[in-house]
Structure formats: structure tokens, C-alpha cells
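**Q** For the sequence shown, position 320 matches number 320 in the UniProt record's numbering, and the numbering has no gaps at all.
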Amino acid sequence: MRSKQHSLRGIGALGLTVLLSHSSLVLSFSLRQLSGTATRIPGVHLKASVVASPPSSPILQDDFDDVAKPRGAKNDWEVHKFGGASLATAELYRTVGDLLIRESEGREHGTIPTMAIVSARGGMTDLLVKVVDSALLNFEQAIVALQEAVESQVSLLKELAPPEITDPIEARFRSDGQDILSVVQSLRMLHTVPAVTMEVVTGFGEIWSAQTLHAYLQTQNVPCEWIDARDILVVKSDSSGLGEKGAASTGGVTPLYEITTERLSHWWNNEGRNAGFLDLSYEKGQVPIVIVTGFVAQTIEGVPTTLKRSGSDYSATIFAKLVNAGRVTMWKNTDGVYTADPRRVPEAFPIASLKYDEAMELAYFGAQVLHPSAMEPCIDKKIPVYVRNIFNPDFEGTIIQGRCATLKDSFDSKIMNWRSKSGFVPIKGITSVDKIALVSLEGASIGGANVAERFMGAMADNDIKVLIITQASSESSITVAVPENEGQRALQVLENVFELELSRSKINSLSVATGMSIVAIVGEGMAMTSGVSATFMTSLSSANVNIRLIAQGSSERQIAVVVAAEDTTSALRAAHMAFTLSETTATITLLGCTGNIGSALVRQLQEQKTRLAQEFGVSMCINIAANSKKMVVGENSQCLDVDNLSSLIKSDEALAFDLDKITNLMMADVHPLRIVIDCTNSEAVSEYYERWLSSGINIISPSRKVAAGNLERYKCVRAAEKANSVSWLYESSVGSALPICTTLQDLYETGDKVKSITGCVSGTMAYVLSSFSEDVPFSEALRAAVEKRITENDVWEDLSGMDMAQKVVILARSMGMNVNLEDVEVEFLIPEEFLKKEYPVDWNEMTAAQLEDIKCMDALMLERLKAATAEGRRLRYKFLIDKETGKCKCSLVNTETTDPLYRLKLYENLVAFETSRYETSPLIVKGAAAGPDLASAGIFADLLRLTRSFSSNQG
Numbered sequence: 001m002r003s004k005q006h007s008l009r010g011i012g013a014l015g016l017t018v019l020l021s022h023s024s025l026v027l028s029f030s031l032r033q034l035s036g037t038a039t040r041i042p043g044v045h046l047k048a049s050v051v052a053s054p055p056s057s058p059i060l061q062d063d064f065d066d067v068a069k070p071r072g073a074k075n076d077w078e079v080h081k082f083g084g085a086s087l088a089t090a091e092l093y094r095t096v097g098d099l100l101i102r103e104s105e106g107r108e109h110g111t112i113p114t115m116a117i118v119s120a121r122g123g124m125t126d127l128l129v130k131v132v133d134s135a136l137l138n139f140e141q142a143i144v145a146l147q148e149a150v151e152s153q154v155s156l157l158k159e160l161a162p163p164e165i166t167d168p169i170e171a172r173f174r175s176d177g178q179d180i181l182s183v184v185q186s187l188r189m190l191h192t193v194p195a196v197t198m199e200v201v202t203g204f205g206e207i208w209s210a211q212t213l214h215a216y217l218q219t220q221n222v223p224c225e226w227i228d229a230r231d232i233l234v235v236k237s238d239s240s241g242l243g244e245k246g247a248a249s250t251g252g253v254t255p256l257y258e259i260t261t262e263r264l265s266h267w268w269n270n271e272g273r274n275a276g277f278l279d280l281s282y283e284k285g286q287v288p289i290v291i292v293t294g295f296v297a298q299t300i301e302g303v304p305t306t307l308k309r310s311g312s313d314y315s316a317t318i319f320a321k322l323v324n325a326g327r328v329t330m331w332k333n334t335d336g337v338y339t340a341d342p343r344r345v346p347e348a349f350p351i352a353s354l355k356y357d358e359a360m361e362l363a364y365f366g367a368q369v370l371h372p373s374a375m376e377p378c379i380d381k382k383i384p385v386y387v388r389n390i391f392n393p394d395f396e397g398t399i400i401q402g403r404c405a406t407l408k409d410s411f412d413s414k415i416m417n418w419r420s421k422s423g424f425v426p427i428k429g430i431t432s433v434d435k436i437a438l439v440s441l442e443g444a445s446i447g448g449a450n451v452a453e454r455f456m457g458a459m460a461d462n463d464i465k466v467l468i469i470t471q472a473s474s475e476s477s478i479t480v481a482v483p484e485n486e487g488q489r490a491l492q493v494l495e496n497v498f499e500l501e502l503s504r505s506k507i508n509s510l511s512v513a514t515g516m517s518i519v520a521i522v523g524e525g526m527a528m529t530s531g532v533s534a535t536f537m538t539s540l541s542s543a544n545v546n547i548r549l550i551a552q553g554s555s556e557r558q559i560a561v562v563v564a565a566e567d568t569t570s571a572l573r574a575a576h577m578a579f580t581l582s583e584t585t586a587t588i589t590l591l592g593c594t595g596n597i598g599s600a601l602v603r604q605l606q607e608q609k610t611r612l613a614q615e616f617g618v619s620m621c622i623n624i625a626a627n628s629k630k631m632v633v634g635e636n637s638q639c640l641d642v643d644n645l646s647s648l649i650k651s652d653e654a655l656a657f658d659l660d661k662i663t664n665l666m667m668a669d670v671h672p673l674r675i676v677i678d679c680t681n682s683e684a685v686s687e688y689y690e691r692w693l694s695s696g697i698n699i700i701s702p703s704r705k706v707a708a709g710n711l712e713r714y715k716c717v718r719a720a721e722k723a724n725s726v727s728w729l730y731e732s733s734v735g736s737a738l739p740i741c742t743t744l745q746d747l748y749e750t751g752d753k754v755k756s757i758t759g760c761v762s763g764t765m766a767y768v769l770s771s772f773s774e775d776v777p778f779s780e781a782l783r784a785a786v787e788k789r790i791t792e793n794d795v796w797e798d799l800s801g802m803d804m805a806q807k808v809v810i811l812a813r814s815m816g817m818n819v820n821l822e823d824v825e826v827e828f829l830i831p832e833e834f835l836k837k838e839y840p841v842d843w844n845e846m847t848a849a850q851l852e853d854i855k856c857m858d859a860l861m862l863e864r865l866k867a868a869t870a871e872g873r874r875l876r877y878k879f880l881i882d883k884e885t886g887k888c889k890c891s892l893v894n895t896e897t898t899d900p901l902y903r904l905k906l907y908e909n910l911v912a913f914e915t916s917r918y919e920t921s922p923l924i925v926k927g928a929a930a931g932p933d934l935a936s937a938g939i940f941a942d943l944l945r946l947t948r949s950f951s952s953n954q955g
């Protein structure tokens, strides 16, 4: 294998010159000489260039071989591109090398000529940028950074191959380092960094990376060689510098294919021939692997340049076109192109296939796919692009190929609502662009086409990139979205252009708003399909995301909105969920998680988890759980391990219970469907209801502290619910799982007039009054109810009638009655002094004392029972709400056989609605309603009601 000298071609000795022009004076001398010159020449402009070495003499035409059709190969070339993250360590270089060998061995139809485009080692480009930037301020720091760059690459190289392979490569690396040092040393005199200097120096990252991978492949005894793309790829570049990191921009760089093809053919028939590529036996498994430097190129004048940041993707597609490749594979560290950024939308998943147009739209709006320019070579040659995971190579990833239907073709299609097409999802992905500014011209009274012309002309003349434009009211208002770092400059440019109009008040204002992001949905299925915009906008509304700007492309393949930066993740998740690209996820804060009802709810959610996902597309995620003393929080809003919730609450990781902290965490949660479930009986918790609802957080409340509490607070909470389009549900606060509140709501919404409601909504009263007898004392029946966990924690709440009275208040308020708890006439079943008596704090001790005290009521209750029995009646605790008289009452009564309560059984609740429609025979809701399992079932029903409502509101 011949030795290569791919340095700066002997900087200071041969080709690299610095041209200094001052007036008519032009001088030329070497950079090595310049770097030793301490005197700065005032007023002198410096320009650096690398003069290309002429290719060696061409071979005879009779011996010419076409690189696009290797002699003996049955398959087309395949091109693979590896980014810096895939080449960060020696082990990753091995992984890449082994992967290339495996891919070259073919799939079904024989071996495959293989080309790999490589980026610099992970972090190397930034390190070389640091070398250049530091040279102006601290040359010693530049030297240190350069030494780090060279030594780290040498160290990595030595891990991959023996000295007989690495020694000459190491020598080239160190020689390159000296050349770089000569270049940056001269910058101290220039006091600036010419763009060409930055491009020359940073390009060495790819040069070194290609040789490093080539060294490893040599150890595997496979036919291989490497190419410095600056010897082959010739481009026309209209811009200078590297571009912004992560911008994936190749704008202004145009490959010159004719001369590039000639150079690649020359390389194949000279260097390739020397490497034995022209004489390989493909049938015997021999196949060439060519490593090419990404990112770097050369201008027609021979000046080193780059394809800008992330330009290695462009290198891959250019070389794929040059060799007429059968496919291009972009190797990433993810399983393809995702429906959304998985760092922001954890539910995102890989897209199986995309059209070129869809991929370009996604890329334009920030998705890490390929830059639109980088796809052009493959579009031209109809080469499919695969995006695959280097760490999961068996996964097919995403394939990008084919074109979308044109707008003209779409017009011939029948318009249909997207939800009417079973299994059809109109969009492929959702993406965003951060750091956006909105520049607006408002209230122009000058009219005419010249407003838009002057506005956009000013942007173009000053190289300000316009991402979106909206215009309204005959050009009286124009808004554009531009990169945030260009916002103020755009404003200043427009102020100069419209200076006269502003001074004469013909334009109301020019303004710039920063801290914005673009969120866009993309997909071919949007064309001529109704309901897509409605679904998108409704999803953002449901997530309480305000839209500052809306735009739809004429192709109907994308809809973009501009939102506040802090709302971006919420918008992405809401839209992703709305188009059923992921399950409807409800993030839940569970207060009272270790109580009877809270524990029962957790069990039910776990038992139904799989069914909810499969049948309803719903995921219930408890990410905050608390009892009265401690709380646990899922990291980054992730779901808690609810199987071990009790252990988590008791662990050292648990935090002190803090309602303010819980509130802040919920407000910071970017999920669009956030729910608090209040299983406490806490007055302190109830004080936060209005604040939560005002923040777009839904509440499910078996607690009656608010629904039956202070009337003014109740009205404020109701107003907050209505104003913020959220829900406060409390079905389980009245009849556990029985649909009592929803039935009452349905009656009113259908125009029925509810005259009165009667019944029994106390499981404790139903059980005790149905089970005590002459043989079973009242106190023993109550003890049995306690043991079955039917009662409230404080049994006096049941026997005082306060539990039922609170439920009466809730129902009465739902009927439109302005009542407070003190407005309810209540009959106690215990002496009033028991309510004033102080009992132990410990629940077991308190309950034991209460059960002992209640024995004093056994004789009286037995007497009441006998009296009822003698009349052929049954003893029941009954409530009455009379809308006309405004009377609310709870009392112990002897029910006749015609009363629905007469047949009330153990554990049951019963509510009878007398309405205008149900006048001759009341509407009755009856069923088991005692115990925590049924109460939690009512909460569960409210949860499903909320998620269904949220999903249906998405369009």
C-alpha cells in the first residue's frame, strides 16, 4: 500500500500562499515565513488559498474502468455514512469496521462494493475549532488544544492496529499537526480568522478519522483503501465558514459533478488499481471497501472548503450519485427517523417509510433527518436512503424514497375526513425549530404591493433567513419567523427601510418577539384530507398552548405554528397524542395514595393497564404520589413504579409532603392531560383546587371538602373550571361507582326538570340498619361494618349524618340550589356530646373507644327497630332534597313497602329522581356502593371519562 502525504501540501514550501494586497501591491510568500514575522502590516487584506496539485498522468483509455460498474460485481455500490457519535471511541471504530465488512458480504445476491463516508471522531471538530479560535487570544491554549487533538487521535489509532500499520499514519498525523500550528500561528498577525483557515483546519478531523478506520480494516485483511475527498470532490461554494453547529445546512454549496466524476474515475483506475480493486473475484467473496472523508471538499480554484456543519450527509449522497449506488444508509444512534424527538416525546417511535418530500419538510422544520440539499443527489438518481441504528443493525429503520403526489394531482382526489379512513393517520411526524423570533409590521395604511416587496426585499438583501411568512388585510400586517439571533437585526433593517412611513404614522409599529419555537406536523396524507388542521389546533388548545402564528404550505404536506418556547414540548406531545401516534397519556398526581381508596385505585390501574392500552389506547401514569407526610416524584415526569408505591413512600428518596412543590411540578409537566386525584379529607389540599384548575390541571375528587364546603369557594372553583376548559369530576364523592352525579347532569342537559331527589347514599347506614336485629346489637353491626372497611375513618361522620349531609349538599348544588352544609336538617344517631369528645389520634384506639361508647345506643336503636317492624315497615336513614321548597333533610325513617328504600340491601346506595318526565314513577339508580374498591371504581370511571373526553376533543 502506497504512502500518502495528505497534509496541507507542504505549507510554507509549495502550494499554500498568502496574498496581501494593498493598493496595487501584491506580494506572495509562505505561511511559515509569515508565521515568523512579528510585525503586523497595517491596512493589508490577507487571503489564503490552497493550490490543487495536478493529477498524475492519466492512464490509457483502453485500460479505463467505470467505478460505477466495478469489473465482476453483480451488485451496485452501497454507501454508508457514519457520524462523529458513531466514531467516538476505539470500540466504536471496531463496530463500524465490522459492520462495513458484514454489509459488504451482501444479503441475498452476493457481495456488495461498499463505500463509507466518515465524519471526524466525536468532539474532534469542536476541538479543532477551539484551536483556531484560541490562537487569536491565547496561543498557548491553542497549542494545548492542538496537542490534545493529535494525541487523542493517535492514542485511539494505536488501540486499533499494530505498529507496522499505525507508525506511518501516526507520522502523518503529527506532520499535519505541525502544519496546523503554522497556520494558526500566522493568525496572531492577521488578528482575524479567515473562513478558509477554519475550513482547512477543521477538515483534518475527517482526514484523521478516515485513516483510523482504514487502519482497522487493514487488520481484518479485507481489500480497502481511503480517499481524501479534497482530492476528488469539487464544489462551487457561495458561502464561507462552517455554519452553526447542528444546523445541518449545506446551503450555497453546489457539487461540480463533471470534474468530480473525472477525478473519481482517475482515482479508481490508478489508486484503486494499485489496491487491487480491479482484479477482485466477487464470486469468491472479495469486495472493495472504500473509506471517504466526509464534510471536506475543494473549490475549482483548488481552495479547501467544506460542506458546512453536518455536511457529511451531503458527502454521502454526492458520492452515492457518483457511483450510482443502490442505496445510502445513514447510521445513527436511533432506530431511524422518529415520529417526534424522543427526548421531548418519549412515546415517539420510528417511522417505517417516508417520501423524499416528507423527509425534506421534516428536515426543514428541525427534524434530524437530512438537510433538503443533501437529499437532492438521491432524488435525482432515485436512490433510496435508509436511516438505521448502528447499535441495532438488525432493525430495518426508516427508508426514504419516492416522491409525493403533486398539488395538481391531489386536486383530482376526493376530499374525506381523515378519521373516516380506518387505521389511517395523515401525518408522518411532528417536529420543531427552537430559538425563533417573530418580526411584525402592523397597521400599514400605505397599501399596494410594494409593502410586501420592500419587507421581503430587506430580508433578502441582508441575508436574513425567513422561515415562515404570514400576511393579512391587504398587506397591512406582515409577520415573519426568523432565527432568534437575527431578530434584532431584522427589526433594525425594517426600521431603516420604513423610516419615512414610521415618522408619518403610516405604519403603526414594527416589533420583534423572541423566545418562540416553530412546531410543525408533516405528512403526505394531509393533502385533500379534512379535519387535520382542526385536530392539530384543538390538541394545542387542550394543552393550553397559545398559537402566535399559523402557516400551511401550498403542497398541503405541512402545517406550522409558532408558540412560546416553554410550550414547545407540551405542543409536541399534545399533537403526537391527538393523531394517535401514541397512547393518550394521563399523568396523575395521587394524593392519599396509601389510604384505603388510594391503595385500591392503584391496584385497579395496574390490573387494567394492559387492557387500557390495547382496547382504549390509554396510559395512566402516576408520576407524583403522596400521603399526609411524604411524597415521591417520578424523575423527569416519568411514571412511578406503583407496584412498590408503599415502599417508595417509606424510602429515603421520599420527600416531605409539600403542596407548593407538587403544584410547581405539575405546572412544569409538559403532558397535555394532567390530573390530580384527591383521595384525602384535607382542608389544606382543597385550598389548591382553584389554582390547579386555573393552571389547566384537571381534578378528580372523591373528597367532599370543596364540593360540599364553603359555597363561595365552590363557585370560584366552578368558575375556574369553566374558564380554563378543564374538568373537576367528583362522581365517587356521592355514590362511589354509581352514576348518580352523571345521571343528574344528563337529566338537566336533556332539558328535564328535577323536582326532588330522595334515597340513601351512606353505605354504613345501609349496612348497619339492614344487619342489626334483636340478636345482633346496633353496636355489633357497626363493628362489623368497620371490619369490612365500609365506614369513614371516623365512624361518627356516618352516625352523625354528616357524611350523607355532605352528599346532599353536592346533589343540591348540582340542581342549582345555593345551599351550605348548615342548611341541611340532620338527625344524629349518636348523642351530640360524642362529637365534642376528644378521642385518641391513633385510628385503632379511636375506633375501639367509639365502638365502646356506641353501646349506649343499642337499647334505643332496638326500640326504634321494633316499632318499625310492628308497623310492617323497615328502618332506613333517608335524605330528601325538594327543589321547590328548598328543603334538604337527612333523617331516620320507617319506610313503607312502596318506598324504594324498603328493599335496600347490605352495601347498597339508592337514589330516586322525581322529574317532569319521571313523575309517575321515579328514575332510580341503585347498586352496591360501600367500601374502598367501589369508591376507587368510581374514580376509575371518572379517569376514563376524562381521557375519552380529551381524545374526542382532539378533532
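Positions of the beta carbon are idealized from the N, C-alpha and C atoms, including for glycine. What you are looking at is a predicted structure, and each value in this text was computed from that prediction instead of being measured.
1. Anyone know if the C-beta pair for residue 700 and residue 939 falls short of 9 Å?
2. Looking only at its own chain, which residues have a Cβ that is under 7 Å from the Cβ of residue 565, when we skip the five neighbours before and after it?
3. Just reading off the beta strand (DSSP E) that residue 370 is part of, what are its end residues?
4. Are the Cβ atoms of residue 662 and residue 591 separated by less than 9 Å?
5. On the DSSP bridge assignment, give the partners of residue 888 in chain order.
6. So, under 8 Å CB-CB, residue 348 and residue 338 are touching, yes? Tell me the CB distance rounded to an integer number of Å.
7. Using a Cβ distance threshold of 8 Å, determine whether the stretch 77-88 contacts the stretch 300-316, with at least three qualifying pairs required.
8. Going by DSSP, what residue range makes up the beta strand (DSSP E) through residue 760?
9. State yes or no: is the C-beta of residue 287 within less than 9 Å of the C-beta of residue 227?
10. Would you mind working out which of 451, 621, 722 and 703 sits nearest residue 735, comparing C-alpha positions?
11. Name, in chain order, the residues that DSSP records as bridge partners for residue 674.
12. Could I get the ranges of all uninterrupted beta strand (DSSP E) runs contained in the stretch 107-131, with 3 residues as the minimum, in chain order?
13. Would a C-beta distance cut-off of 9 Å place residue 597 and residue 707 closer than the cut-off?
14. Suppose contacts are defined by Cβ-Cβ distances below 9 Å. Is residue 156 in contact with residue 119 by that definition?
15. Cβ of residue 713 within 9 Å of Cβ of residue 697?
16. Would you kindly work out how many angstroms separate the C-alpha atoms of residue 689 and residue 722, rounded to a whole number?
17. Look at the alpha carbon of residue 626 and the alpha carbon of residue 657, and state the distance between them as a whole number of angstroms.
18. Would you mind sorting residue 745 into buried or exposed? The rule is 16 or more other CB atoms within 10 Å of its CB.
19. Hey, is the stretch 927-938 in contact with the stretch 762-770, meaning 3+ C-beta pairs nearer than 8 Å?
20. Taking C-beta to C-beta, are residue 602 and residue 642 nearer than 9 Å?
21. Can you tell which of 72, 415, 652 and 129 has the C-alpha that lies nearest to the C-alpha of residue 556?
22. Which runs of the alpha helix (DSSP H) fall wholly inside the stretch 282-330 and span at least 4 residues, in chain order?
23. Could you give the first and the last residue of the continuous alpha helix (DSSP H) run that contains residue 741?
24. Is the distance from the Cβ of residue 160 to the Cβ of residue 257 below 9 Å?
25. Excluding the 5 residues preceding and the 5 following residue 327 in the sequence, name in chain order all residues of the same chain whose CB lies nearer than 7 Å to its CB.
26. Quick check on residue 841: buried or exposed, where buried means 16 or more other Cβ atoms within 10 Å of its Cβ?
27. When the distance is taken between beta carbons, is residue 542 closer than 9 Å to residue 957?
28. Quick one, which of 631, 668 and 114 has its alpha-carbon nearest residue 654's?
29. Give, in chain order, every unbroken run of the beta strand (DSSP E) that is at least 3 residues long and sits entirely within the stretch 510-588.
30. I need the straight-line Cα distance from residue 111 to residue 274, nearest angstrom please.
31. With distances taken from CA atoms, which of 753, 666, 218 and 807 is nearest residue 731?
32. Using 10 angstroms around the beta-carbon of residue 1040, count the other beta-carbons present and answer buried if the total reaches 16, otherwise exposed.
33. Among the candidates 576, 572 and 548, whose CA atom is the shortest distance from the CA of residue 563?
34. What residue range does the alpha helix (DSSP H) around residue 850 cover?
35. Mind checking who residue 191 pairs with in its DSSP beta bridge?
36. Compute the Euclidean distance between the alpha carbons of residue 89 and residue 99, then round it to the nearest angstrom.
**A** Working from what's here:
1. yes
2. Around residue 565: 434, 515, 516 and 517.
3. Careful: residue 370 lies outside any beta strand (DSSP E) and carries neither H nor E.
4. yes
5. 881
6. Indeed they touch by this definition, with Cβ atoms about 4 Å apart.
7. yes
8. 754-760
9. no
10. Taking the Cα of residue 735 as reference, the smallest distance to any Cα among 451, 621, 722 and 703 is reached at 703.
11. 587
12. 114-118
13. Taking 9 Å as the cut-off, the Cβ atoms of residue 597 and residue 707 do not count as close.
14. no
15. no
16. The straight-line gap from Cα to Cα measures roughly 13 Å.
17. 7 Å
18. exposed
19. yes
20. yes
21. 415
22. 312-322
23. 740-749
24. no
25. 78, 383, 384 and 386
26. exposed
27. Residue coverage of the chain in this structure runs from 1 to 955, which leaves residue 957 outside it and unanswerable.
28. 631
29. 547-552 and 558-564
30. 21 Å
31. 807
32. Any answer about residue 1040 is impossible in this case: the structure gives the chain only from 1 up to 955.
33. Ranking 576, 572 and 548 by Cα distance to residue 563 puts 548 first.
34. 843-853
35. In the DSSP output, where bridge partners are listed per residue, residue 191 has none listed.
36. 15 Å
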